[in-house]
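One structure is given below, encoded as structure tokens.
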Amino acid sequence: MNNSEMAVMAFNHLKLAYKEKLISFEKCRTSDDLYGLIDFPTGDQREPRFTYVIFDPENPEKIVAQCIVNFSRMISQYDRKWDIGWCVDEEYRNQGYGFKVAKQALESFLSIQNVRGDAIEASVDGGNIPSLKIAANLIGSEKTLFNEDTGLTVHSFLKVIN
Numbered sequence: 308m309n310n311s312e313m314a315v316m317a318f319n320h321l322k323l324a325y326k327e328k329l330i331s332f333e334k335c336r337t338s339d340d341l342y343g344l345i346d347f348p349t350g351d352q353r354e355p356r357f358t359y360v361i362f363d364p365e366n367p368e369k370i371v372a373q374c375i376v377n378f379s380r381m382i383s384q385y386d387r388k389w390d391i392g393w394c395v396d397e398e399y400r401n402q403g404y405g406f407k408v409a410k411q412a413l414e415s416f417l418s419i420q421n422v423r424g425d426a427i428e429a430s431v432d433g434g435n436i437p438s439l440k441i442a443a444n445l446i447g448s449e450k451t452l453f454n455e456d457t458g459l460t461v462h463s464f465l466k467v468i469n
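In the numbering used here, the protein residues as written are 308 to 469.
Shown next, in the form of structure tokens:
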């Protein structure tokens with residue numbers, strides 16, 4: 308399974324959990340239309356996952372885009388690596404929601420986490436032009452890798468947070 312397929316699968320699970328009222332989101336202080344949820348999927352309080360969503364302006368119960376910032380690993384005694392990824396509902400693609408949710412989520416994440424010295428990485432499948440553009444604009448510093456498991460080219464965007 309490639310990055311895009313995993314993102315869509317995770318997004319569908321998120322929408323289902325929200326629809327079934329298993330999770331809820333709180334309005335973020337940094338943006339009028341961004342909502343967030345913090346959880347700890349490993350159970351370790353030092354390994355949070357930040358999930359951000361934007362709802363349809365016409366239907367406030369429908370999630371149109373998500374962005375997840377997830378603890379990945381420690382890269383030094385004090386510094387962490389975070390993974391960031393986003394997904395947009397197929398019906399809402401090519402309307403700017405991908406960039407909007409990723410940009411606003413990153414701003415919110417940086418405002419609530421002490422991440423100075425940490426690194427953030429987006430891994431984007433080759434051929435996913437919209438996500439490649441988003442990652443280049445938000446993170447920059449691209450490196451192209453070959454994933455032997457999937458046989459696909461993956462673009463890694465990595466940035467140290469100052």
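From the three backbone atoms N, C-alpha and C, an ideal C-beta is built for every residue, glycine too. Everything numeric in this text was worked out from a predicted model, so none of it was measured.
Check: So, are the CB atoms of V315 and C394 less than 8 Å apart?; Outcome: yes
Check: To which residues does DSSP link I391 through a beta bridge?; Outcome: V376
Check: For T358, which residues of its own chain have a beta-carbon under 6 Å away from its beta-carbon, when the five flanking residues on both sides are left out?; Outcome: L344, I375
Check: My understanding is that F318 touches Q373, with C-beta atoms under 8 Å, so please give their C-beta distance in whole angstroms.; Outcome: 5 Å
Check: Looking only at C-alpha atoms, which of N366, K328, R356, D425 sits nearest to K466?; Outcome: D425
Check: Could you tell me the alpha carbon to alpha carbon distance between Q384 and K326, rounded to whole angstroms?; Outcome: 40 Å
Check: Measure the alpha-carbon distance for S311 versus Q352 and round it to whole angstroms.; Outcome: 28 Å
Check: For the stretch 355-371 and the stretch 388-402, state whether three or more C-beta atom pairs, one from each stretch, are separated by less than 8 Å.; Outcome: yes
Check: Can you look up V467 in the DSSP assignment and give me helix, strand or coil?; Outcome: strand
Check: Out of M308, F378, A324, which one is the CA nearest neighbour of T349?; Outcome: F378
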